[in-house]
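Numbering (mature numbering (1 follows the signal peptide of the UniProt record, and there is no 0)), first residue to last: -22 to -1, 1 to 100.
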């Protein structure tokens, strides 16, 4: 009985390791904000996965803080399993900052960032 449990446990560990090792971590295509942004405009950026194995989890950050959708300021949409879009509805001085898209799967993660600076703002 003890030998049987040991064999089953060993088999499960080996199969689990093989599954994770066979996955590829995500690779995100870089995104960039337009250089002609000013207060009152709307902007959006797309986070697209160009390589890696499903399933993926998308997260957006501003200045290292996790973004949660806010109907009055911005929205986050998952378009399909490879694409997420961040839309900033109404740009203002608080919109300036470093935005990051992070994608993870069971094999790893990738993230890309860009700085939003409105025209005339420093």
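No residue lacks a Cβ here, since even glycine has one placed at the ideal position from N, Cα and C.
(request) Measure the C-alpha to C-alpha separation of residue 95 and residue 28 and round it to an integer number of angstroms. (result) Translated into positions along the chain shown, residue 95 becomes position 117. Translated into positions along the chain shown, residue 28 becomes position 50. So the two alpha carbons sit approximately 27 Å from each other.
(request) Please name the residue, chosen from 83, 79, 86 and 87, that lies closest to residue 93 on a Cα-to-Cα basis. (result) In the chain shown, residue 93 corresponds to position 115, counting from 1. If we check each option's Cα against that of residue 93, 79 comes out closest.
(request) List the whole-angstrom C-beta distance separating residue 130 from residue 30, where the pair is believed to meet the contact cut-off of C-beta under 8 Å. (result) Beyond the ends of the chain as shown, which are -22 and 100, falls residue 130; an answer cannot be given.
(request) Assign residue 84 to one of three DSSP states: helix, strand, or coil. (result) Counting from 1 along the chain shown, the entry for residue 84 is found at position 106. Here residue 84 sits in coil by DSSP.
(message) I'd like to know whether the C-beta of residue 82 is nearer than 8 Å to at least one C-beta of chain B.
(response) In the structure shown, chain B cannot be found, because there is only a single protein chain.
(request) Starting from residue 52, follow the beta strand (DSSP E) in both directions and report where the run begins and ends. (result) Within the chain shown, residue 52 is the residue found at index 74, counting from 1. Looking at the DSSP string, the run of the beta strand (DSSP E) that includes residue 52 is 52 to 58.
(request) Kindly identify the DSSP beta-bridge partner or partners of residue 7. (result) Within the chain shown, residue 7 is the residue found at index 29, counting from 1. Within the DSSP secondary-structure output, residue 7 pairs in a beta bridge with 26.
(message) Considering Cα atoms alone, identify which of 65, 59 and 9 is closest to residue 83.
(response) Taking the first residue of the chain shown as position 1, residue 83 is located at position 105. The candidate whose alpha carbon is nearest that of residue 83 is 59.
(request) Kindly list the residues whose CB is nearer than 6 Å to the CB of residue 54, restricted to its own chain and excluding five residues on each side of it in sequence; keep chain order. (result) As a working mapping, residue 54 is identified with position 76 in the chain shown. Hits under 6 Å: 38, 47 and 64.
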